[in-house]
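All remarks here apply to the structure that follows.
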Amino acid sequence: MRWAAIKIARAGITMWLVVTFVFFVLRISGDPTYMLLPDDIDEATRDFYRRLWGLDKPLMTQYWSYLKALSQGDFGISFRNNLDAFDLVMERVPKTLLLTTTALAISLAIGIPLGILAALYRDSWLDRGVMAVAVFGFSMPNFFLGILLILFFSLNLRILPSSGSGTWAHLIMPAATLGISFAAQFARYTRSSMIDVLSKPYMRTARSKGAGLARRVNLHALPNASVPIVTILGFKIGELIGGAVITETVFAWPGIGRLLTNAVDTRDLAVVQCIMILLALTMVTANAITDLIYGWIDPRVRVGAGASQK
Amino acid sequence: MSLVATDLARSFAYGRKGLFRRQATFFAVDGVSLTIEAGKTHGIVGESGCGKSTLAKLLLGLIALDRGMVALNGEQISDVSEARWRALRQRVQLVYQDAAGALDPRLPVRAQVEEPLAIHGLPLADAEEALEAVGLSGRLADRYPHEMSGGQLQRVVIARALALKPDVLVLDEPVSALDVSIQAQIVNLLLDLQRDRGLTYLFVSHDLSVVHHISDRISVMYLGQIVEEASRDALFSNPLHPYTKALMAAVPDPDPRKPRTAAPKVGDPPNPAFPPSGCRYHPRCPMAEDRCRTTPPELRDMGGRRVACHLAEVA
Amino acid sequence: MSATGLITGRRWAPVRVMAQTPIGVVLAAGFMVVMFFVMIFAKVIQPYEFDYIDLLARMAPPIPLEGSTWAHPVGTDTLGRDLMSRLLVGTQTSMLLALLGTCLGAVLGVALGFLAAHKGRLWDEVIMGLVDFQAAMPWFIVALAILAFLGNSMLIFIAIMALYGWETYARITRGLVLSAREQGYALAVRGLGARARWVYLRHILPNIAGPLLVQLTVNFPSTILFETSLSFLGLGIRPPMTSLGQMLGEGRDYLINAWWLAVVPGLTIFLITLCMSILGDWLRSKLDPSLEA
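Written out as structure tokens, the structure is:
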């Protein structure tokens with residue numbers, strides 16, 4: 174329990190640091206109403222926000238009001254179309270979620286089996302082949318891969334749409350683009366993790382007991398090999414979202430990434446701020462979940478922190 | 138140039154600290170006093186884990202004292218400022234058991250022998266000369282540690298320790314990692330150096346025969362305390378403490394004509410974290426009485442020697 | 002034994018080393034030598050000024066294609082600028098920024114790693130907390146936010162590049178220092194009366210340089226991807242300057258008529274990251290098998 178409490182406290186502190194950092198960056202760059210609200214907005218609305226954020230009050234009071242506004246989902250108004258920033262972002266969330274989860278599923282479905290095969294047939298031509306492909310996939314910038322896919326499937330074969338998000342056909346290329354580099358990474362991690370586990374004495378024991386290959390892999394090797402993979406998965410979520418920004422731009426996929434790119438380009442700070450804070454929240458939650466799963470699949474984590482020795 | 142240690146003590150934490158549990162500690166060195174005369178060699182013997190290496194580090198100030206003080210020529214050298222401590226390294230130096238580990242694997246021997254002078258901003262002396270002084274050919278100066286033998290490495294370590302022209306050398310098991318034939322060479326080198334330079338040695342070892350060969354006085358340590366201290370000849374001809382007797386009985390006699398006596402079975406030393414009550418040696422002592430189990434014996438002065446045993450009588 | 006011979010031998014025979022090295026690694030090293038040459042001499046060897054506009058020679062394709070000319074072997078872009086020259090200068094920019102970013106990040110990370118290991122307690126907690134934070138937040142997106150809040154200037158861009166990846170160096174350095182510090186030689190030199198700084202700089206840093214150098218090589222490809230990604234989005238290097246990512250971002254708009262505008266710089270980025278990855282993997286397995294991922 175103490176272990177879970179520490180994790181949650183850490184997550185809370187991280188969130189607080191992010192929000193505080195954003196608050197002070199916004200304050201040192203001038204009157205936030207000019208940063209977070211459109212230029213052409215009328216003075217009455219500006220004054221309303223000045224009062225809402227308490228800009229006439231001392232800094233600490235302002236900070237407190239800021240925290241309160243954020244907790245109510247009030248991140249300011251988009252510079253470009255006078256819409257509430259939070260609504261604007263939330264509207265895009267499902268698209269990005271669809272893209273990233275599909276990409277993640279693709280990468281796991283390709284990477285983990287290939288990694289297991291490479292580890293089982295270590296140093297064979299299969300292993301070498303998989304690892305060579307992995308280095309290629311890892312080195313391929315996803316913006317370039319996306320462009321190659323468009324050139325081939327959209328412009329040459331004309332079988333897939335190059336941009337937009339209407340149908341399942343629209344999803345194929347962006348998800349593949351985003352998924353492939355992660356598949357390469359997962360294949361590498363799975364392989365090294367499996368090789369590590371396969372060399373353990375309990376694997377020899379299982380073999381000497383006469384357990385078949387499938388049983389040894391499924392029952393003994395995979396659960397142990399999955400521990401480091403889950404840890405890495407937690408870290409990769411951030412990279413996945415980072416990759417989504419580029420992939421969405423290449424394929425004109427109307428998700429958060431594209432919104433962010435445009436907002437950064439036009440310095441639409443209310444939107445940027447909103448995305449950043451929601452992203453931090455996602456990352457902190459993802460890490461906490463990873464830790465919980467980690468504790469669930471690796472009982473030593475729970476025992477080590479919960480019970481004290483002697 | 139006498140080195141005087143008064144009531145040195147140092148504890149270490151062990152085990153895990155709990156939320157509501159104080160961290161457990163034990164004393165590796167617990168109230169050790171000794172005096173080393175200038176130009177002489179003082180041997181410290183005891184089983185592994187008795188605190189003799191900790192004592193060596195305490196004398197050098199490499200680890201902090203919990204209690205007590207160390208004085209060199211009447212001047213306090215423990216609990217001093219960082220700058221003063223560094224300056225004191227010119228007067229007291231340490232020679233390690235693991236010579237190969239004590240040298241940077243990446244640097245040639247020359248750089249390592251010159252290094253103490255560089256550290257203290259002194260003019261660099263000739264490294265080849267320094268190596269020749271410890272019986273190595275000067276041509277070895279450009280070798281790397283992994284290109285040398287264990288005996289050669291220990292000579293390099295000694296040369297490095299001598300570079301600052303110290304008065305006192307603390308030798309922490311300097312020969313126990315070496316082959317027996319090499320041990321003799323290094324011990325003889327140390328004796329020659331002492332004679333030529335008037336060095337004062339504190340010689341820590343678990344090996345009674347080596348200590349016998351080099352020491353003028355000897356202290357026997359048991360569980361962080363000195364149980365007996367005497368001149369070499371007095372200790373070897375007439376050991377008073379039962380532990381000293383047991384240690385000596387365990388040394389194999391090189392004379393094949395003497396009848397072999399079975400060493401008394403003494404069992405393993407107790408866990409230093411939980412020292413026995415009364416005399417710490419009583420669970421292993423064949424002569425233990427009731428008072429040994431309850432009252433810790435003092436280190437008594439017995440005519441030029443000291444012993445911590447209720448049963449010891451002046452011979 | 003060949004690995005130790007390579008490291009410890011005072012004279013090494015390049016020919017013998019070459020013979021023992023896989024052909025892929027030799028090719029990768031060769032390509033990177035060319036790239037570093039371009040990084041230094043791009044402005045000298047460019048056939049035209051990279052931003053010289055020649056509207057009469059617009060959209061020339063590269064050599065094997067129909068309509069190509071020897072005057073522009075890699076073709077020209079929509080403004081008739083020579084693609085070869087742009088490629089050279091773009092490579093120079095991307096390589097320089099990646100090198101600068103990697104090195105600055107390494108210096109920062111190594112310094113903080115030493116600080117955490119040396120000071121311990123609160124310093125250690127705070128620095129390792131920052132490391133965890135940096136590792137958890139996708140730096141690419143944080144970089145976008147910083148560019149939005151503070152605006153884009155070369156200085157900010159370089160600072161963002163330097164802050165990318167420092168945490169791996171900090172973590173590795175801290176671990177290495179903590180274990181190296183307990184080595185006999187470090188304690189022995191301390192016992193000679195050396196200051197902590199002396200031990201760190203003269204003994205520990207040279208002894209841990211191997212794994213750090215490997216990390217530098219491993220980090221380089223991701224740093225170059227980081228720069229090219231930002232520039233591709235039009236948020237990093239911008240005209241009139243050019244980088245491989247910026248060229249690719251520009252070329253993306255002409256996929257139908259002039260696909261080479263995107264493919265040529267894209268292929269260059271791919272080859273650089275591929276070759277550096279191959280070199281990094283090889284170095285890692287040679288110098289420090291325990292680190293192999």
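These protein sequence lines are chains V, U and X, in that order. Heads up, the first sequence is in the numbering used here, so the first residue is 174 and it goes up one at a time. Heads up, the second sequence is in the numbering used here, so the first residue is 138 and it goes up one at a time. Heads up, the third sequence is in the numbering used here, so the first residue is 2 and it goes up one at a time. All C-beta atoms, glycine included, are put in the ideal place defined by N, C-alpha and C.
Which residue marks the beginning of the beta strand (DSSP E) containing residue 366/U, and which one marks its end? 362 to 368
Go to residue 208/U, then tell me how far its beta strand (DSSP E) extends in each direction, as first and last residue. 204 to 209
Would you mind reading off the limits of the alpha helix (DSSP H) that contains residue 149/U? Looking at the DSSP string, residue 149/U is not in any alpha helix (DSSP H); the run it does join, the beta strand (DSSP E), is 140 to 151.
In three-state DSSP terms, what is residue 49/X? coil
Which residues, in chain order, does the segment 310 to 325 of chain U contribute to contact with chain X at a C-beta distance below 7 Å? none
With 16 other Cβ atoms within 10 Å as the buried cut-off, status of residue 354/V: buried
First through last residue of the alpha helix (DSSP H) which encompasses residue 271/X: 261 to 288
Any chain X beta carbon closer than 8 Å to residue 331/V: no
Measuring only between beta-carbons, confirm whether residue 207/X sits less than 8 Å from chain U. yes
Distance cutoff 8 Å, beta carbons only. Does residue 242/X sit that close to anything in chain C? The question asks about chain C, but that chain is absent: this structure's protein chains are V, U and X.
Quick check on residue 271/U: does DSSP put it in helix, strand or coil? coil
Quick one: give me the first and last residue of the beta strand (DSSP E) that residue 230/U is part of. 229 to 232
Short check: CB of residue 430/V to CB of residue 421/V, under 8 Å? yes
Mind checking who residue 438/U pairs with in its DSSP beta bridge? 443/U
Quick check on residue 165/U: does DSSP put it in helix, strand or coil? strand
Residue 305/U (DSSP reduced to helix, strand or coil): strand
I want to verify the contact list: residues of chain X whose CB lies under 7 Å from the CB of residue 309/V, in sequence order. 275
Compute the beta-carbon to beta-carbon distance between residue 236/X and residue 145/X, rounded to the nearest angstrom, for a pair I have assumed lies under 8 Å. 6 Å
Kindly indicate which three-state DSSP category residue 340/U falls into: helix, strand or coil? strand
Residues that DSSP places opposite residue 178/U in a beta bridge: 338/U
What separation, rounded to the nearest whole angstrom, lies between the Cα atoms of residue 340/U and residue 309/U? 6 Å
Where the alpha helix (DSSP H) through residue 429/V begins and ends: 429 to 438
What is the DSSP secondary structure of residue 358/U, reduced to helix, strand or coil? strand
Which of the three DSSP states is assigned to residue 229/V in this structure? coil
Residues in its own chain within less than 6 Å of residue 352/V by CB, not counting five upstream and five downstream? 276, 279, 280
Using CA atoms only, rank isn't needed, just tell me which of 276/U, 325/U, 178/U is closest to residue 355/U. 178/U
Return the bridge partner residues of residue 245/X from the DSSP annotation. For residue 245/X, which the question treats as bridged, DSSP gives no partner whatsoever.
Residues in the segment 137 to 148 of chain X with C-beta within 8 Å of chain V's C-beta atoms, listed in sequence order? 137, 138, 139, 140, 141, 142, 143, 145, 146, 148
Have a look at residue 70/X and residue 63/X and give me their C-alpha separation to the nearest angstrom. 8 Å
Which value, in whole angstroms, describes the spacing of the CA atoms of residue 309/V and residue 130/X? 34 Å
Alpha-carbon spacing of residue 285/U relative to residue 240/U, whole angstroms: 11 Å
Find the residues of chain V that neighbour residue 22/X, judging by a C-beta separation of less than 8 Å, and give them in chain order. Simply none; closest approach about 16 Å.
Okay, do the segment 101 to 113 of chain X and the segment 264 to 277 of chain X touch, 3+ Cβ pairs below 8 Å being the bar? no
Quick check on the burial criterion: 16 or more other C-beta atoms within 10 angstroms. Buried or exposed for residue 201/U? exposed
Might you give, ordered along the chain, the residues of its own chain that have their beta carbon closer than 8 Å to the beta carbon of residue 54/X, omitting 5 neighbours on each side? 80, 81, 82
Along chain U, in chain order, which residues have C-beta atoms closer than 7 Å to that of residue 184/X? 238
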